[in-house]
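A short write-up of the structure that comes next.
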Amino acid sequence: MKTIGILTSGGDAPGMNAAIRSVVRTSVFNGLKVMGIGHGYNGLLSGEVREMDISSVADIIHRGGTMLRTARCEEFETEDGRKKALNIIEVFGIDGLIILGGDGTFRGAKDLMDLGVPVICIPCTIDNDMGYTDYSIGFMTAIETVVDAISKIRDTSTSHGRANIVEVMGRDCGDIALYSGLAGGAESIIVRETDIGVDEVCKKIIQGRNRGKLHHIIVLAEGIRDPYEVSDEIKDKTGAEVRVTTLGHIQRGGTPTSFDRIMASNMGHKAVELLLNNRSGQALGMKCNAIIDMNLEEALKVEKTFDIDMYNMARTLSI
Ligand code: ADP
12 MKTIGILTSG GDAPGMNAAI RSVVRTSVFN GLKVMGIGHG YNGLLSGEVR
62 EMDISSVADI IHRGGTMLRT ARCEEFETED GRKKALNIIE VFGIDGLIIL
112 GGDGTFRGAK DLMDLGVPVI CIPCTIDNDM GYTDYSIGFM TAIETVVDAI
162 SKIRDTSTSH GRANIVEVMG RDCGDIALYS GLAGGAESII VRETDIGVDE
212 VCKKIIQGRN RGKLHHIIVL AEGIRDPYEV SDEIKDKTGA EVRVTTLGHI
262 QRGGTPTSFD RIMASNMGHK AVELLLNNRS GQALGMKCNA IIDMNLEEAL
312 KVEKTFDIDM YNMARTLSI
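So the sequence shown is numbered by my numbering: it starts at 12 and just counts up by one.
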C-alpha cells in the first residue's frame, strides 16, 4: 500500500471534511501518498484526481460540506462506467480507496471491491439510515441545527399560541425527527415507523388547550404527507392556528459538532490503519460509543431499526 485515494459521494454531511483531514494526515504520517478524487464517482470516471499534502487539509476541520465536492453519478452504476473507474485507479497507481458517503455510495464501493479494488467505507449521512452503525457522520450536527430551529419556532409559537409543524429531513428514516423532537421538547413527532398520526396530534392539542397550553410543536419527518395538508387537517379538526416550517437544506450544512468531528477523525485514522494492515472491504461504524469495523457486504445487509423505546419515552415526556 503506497498510494491511497479518497472520495466523497452522494449527499454531503457536516464532518466529511474532518474525516478527509484525518485520512490525509494519517496517510502522510505513515509515508503514504494520498490522491483526492473530486465530485465522487464522477471524478473517478473523468480523472479528476490530485495529490493532497498536509496543508491541503488545513483549516477545514470546522467546515461543513466537503472540500473534495460530491456528486451523484449514474454512469458509475453501469459496467462501462466501472471499467472507466478501474482505468483511472490504475493510471494513478491507487492501491486502496477510502470512500465517504451513505448507503448508495457504499453499494458503489462494494462493486469496486468485487472488481478487486481494496476499499474502506466511512458512513456520512445526516439521515442516520444505515443499520449497522449507531451513528453516521453529520447526523448529530443536523440534530443540533433542527433543535436550534425548534427553539426559535417555540418562542414565537408560545407568543402567538399557535401550533407549528416543523418538517425535517431523513429520507425514509425517522431518526432526525425522533432525536430532534426529543431534544427540542416537541409535543408530537410524526414518523413513518409508527402509526401515530394526525388524530393523536389533534387530541393532544385539544387536551393541552383545555389545561391552558396554547403552543404545540409537531415534528414531521419528510415524505410522509404534505405538511400543508396536515396543517389544514389540524386546523379543521381543532380550530388551532397552525404554521408550517420546512427546514430543508439548512440541515445539511453548518459547522460540524465536536461529536461529528471526533467520530470523523477517529474513522479517518482507522480507515488508513485498516488499509495499511491489509484489512480492506470493511465499513467503519460506531456501536455503543466504540468505533467498529464490519465486512462491507455484511454491513449493507443490516436493516435499519427504529428506536421505538426512545419514541415512546418522547411521547411520555410530552403528555
Ligand atoms: P448516498 O451515498 O448519500 O446514499 P446516493 O444513493 O445518491 O447517495 O448514491 C451516490 C452514488 O453512489 C450514486 O450516484 C451512484 O454513483 C452510486 N450508487 C448508488 N447506488 C448504487 C448501486 N446500487 N450500485 C452501484 N453504485 C451505486
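Cβ atoms here follow ideal geometry from the backbone N, Cα and C, with glycine treated the same way.
Just so we're clear, the structure is a prediction, and the values are computed from it rather than from any experiment.
In the DSSP assignment, find the alpha helix (DSSP H) that holds Met-278 and state where it starts and stops.
Sequence index remark: in the sequence shown, residue 278 carries index 267 (1-based). 269-287 is the span of the alpha helix (DSSP H), which, as asked, contains Met-278.
Is it right to say Ser-343 is buried, meaning 16 or more other beta carbons lie within 10 angstroms of its own, or is it exposed?
In this structure the chain extends from 12 to 330, so residue 343 is not present and cannot be described.
Any idea what DSSP makes of Leu-225, helix, strand or coil?
On the sequence shown, position 214 is the one that residue 225 refers to. Of the three classes helix, strand and coil, the one that applies to Leu-225 here is coil, per DSSP.
Using a threshold of 8 Å, is the CB atom of Phe-117 nearer than that to any non-hydrogen atom of ligand 1?
Walking along the sequence shown from the start, residue 117 turns up at place 106. The answer is yes for Phe-117.
When you compare only the Cα positions, how much space is there between Lys-298 and Arg-173?
For the purposes of this step, residue 298 is taken as the residue at position 287 of the sequence shown. For the purposes of this step, residue 173 is taken as the residue at position 162 of the sequence shown. Going by the C-alpha atoms only, they are around 40 Å apart.
Between the alpha carbons of Leu-307 and Leu-258, how many angstroms are there, rounded?
As a working note, residue 307 is residue 296 in the sequence shown. As a working note, residue 258 is residue 247 in the sequence shown. Each residue's Cα considered, the two are about 33 Å apart.
Could you tell me how far apart the beta carbons of Phe-87 and Met-46 are, in whole angstroms, since I believe they sit closer than 8 Å?
If you number the sequence shown from 1, residue 87 lands on position 76. If you number the sequence shown from 1, residue 46 lands on position 35. Their Cβ separation, rounded to whole angstroms, is 17 Å, which puts Phe-87 and Met-46 out of contact at 8 Å.
Go to Asp-320, then tell me how far its alpha helix (DSSP H) extends in each direction, as first and last residue.
Sequence index remark: in the sequence shown, residue 320 carries index 309 (1-based). Counting along the chain, the alpha helix (DSSP H) containing Asp-320 begins and ends at 319-328.
If you draw a straight line from the C-alpha of Thr-205 to the C-alpha of Gly-54, how long is it?
Along the sequence shown, one-based indexing puts residue 205 at 194. Along the sequence shown, one-based indexing puts residue 54 at 43. Each residue's alpha carbon lies about 40 Å from the other.
Examine ligand 1 and report whether any of its heavy atoms sits within less than 8 Å of the Cβ of Cys-84.
Taking the sequence shown and counting its residues from 1, one reaches residue 84 at position 73. At least one heavy atom of ligand 1 is nearer than 8 Å to the Cβ of Cys-84, so yes.
Say the cut is 8 Å; is the CB of Glu-88 nearer than that to a heavy atom of ligand 1?
The residue you call residue 88 lines up with position 77 of the sequence shown. Checking every heavy atom of ligand 1 against the Cβ of Glu-88, one is found closer than 8 Å.
Do Asp-166 and ligand 1 come close, with the Cβ less than 8 Å from some heavy atom?
The sequence position of residue 166 within the sequence shown is 155, counting from 1. Checking the Cβ of Asp-166 against ligand 1 gives no.
Within the continuous beta strand (DSSP E) that includes Asn-41, where are the two ends?
In the sequence shown, counting from the first residue as 1, residue 41 sits at position 30. Neither: Asn-41 is in no beta strand (DSSP E) and is coded neither H nor E.
Using a Cβ-Cβ cut-off of 6 Å (strictly less than) and excluding sequence neighbours within five positions of Lys-248, which residues of its own chain qualify?
Here the question's residue 248 lines up with position 237 in the sequence shown. The answer, listed in chain order, is Cys-213.
Could you say if the region 262-282 and the region 23-36 meet the contact criterion of at least three C-beta pairs nearer than 8 Å?
Cβ pair count under 8 Å is three or more, so yes.
First and last residue of the alpha helix (DSSP H) that includes Gly-192?
Sequence index remark: in the sequence shown, residue 192 carries index 181 (1-based). Unbroken alpha helix (DSSP H) run through Gly-192: 186-194.
How big is the Cα-Cα spacing for Ile-176 and Gly-113?
Along the sequence shown, one-based indexing puts residue 176 at 165. Along the sequence shown, one-based indexing puts residue 113 at 102. Their backbone Cα atoms lie some 28 Å apart in a straight line.
Are the beta-carbon atoms belonging to Gly-149 and Asp-23 less than 9 Å from one another?
For the purposes of this step, residue 149 is taken as residue 138 along the sequence shown, with counting starting at 1. For the purposes of this step, residue 23 is taken as residue 12 along the sequence shown, with counting starting at 1. Yes. Within cutoff.
At what residue ranges does the region 38-87 contain a whole run of the beta strand (DSSP E), taking only runs of 3 or more?
Listed in chain order, the complete beta strand (DSSP E) runs (minimum 3 residues) inside the region 38-87 are 44-48 and 60-63.
Going by the DSSP bridge assignment, what does Met-305 pair with across the sheet?
As a position in the sequence shown, residue 305 is number 294, starting the count at 1. According to DSSP, which records beta bridges pairwise, Met-305 is partnered with Ala-294.
Tell me the residue span of the alpha helix (DSSP H) that contains Ala-160.
Along the sequence shown, read from residue 1 onward, the residue named residue 160 stands at position 149. Note, Ala-160: alpha helix (DSSP H), 150-171.
Just mark Asn-139 as buried or exposed, buried being the case when its beta carbon has 16 or more other beta carbons within 10 Å.
For the purposes of this step, residue 139 is taken as residue 128 along the sequence shown, with counting starting at 1. Buried, since its Cβ has 16 or more Cβ neighbours within 10 Å.
Is Thr-136 near ligand 1, judged by its Cβ being under 8 Å from some heavy atom?
Counting from one through the sequence shown, the residue named residue 136 turns up at place 125. Result yes, Cβ under 8 Å from ligand 1.
Can you tell me which of Ser-147, Ala-197, Asn-323 and Ile-48 puts its alpha carbon nearest to the alpha carbon of Ile-17?
Here residue 17 refers to the residue found at position 6 when the sequence shown is read from its first residue. Among Ser-147, Ala-197, Asn-323 and Ile-48, the Cα nearest to that of Ile-17 belongs to Ile-48.
When we look at the beta-carbon of Asp-304 and count the other beta-carbons within 10 Å, is it buried (16 or more) or exposed?
Residue numbering aside, residue 304 sits at position 293 when the sequence shown is read from its first letter. Buried, by the Cβ-count rule.
Within 8 Å: the Cβ of Gly-208 and any heavy atom of ligand 1?
Reading the sequence shown from its first residue, position 197 is the one you call residue 208. No, the beta carbon of Gly-208 sits no closer than 8 Å to any heavy atom of ligand 1.
Measuring alpha carbon to alpha carbon, tell me which of Leu-285, Asn-288, Arg-36 and Arg-203 ends up nearest Val-68.
Walking along the sequence shown from the start, residue 68 turns up at place 57. It is Arg-36.
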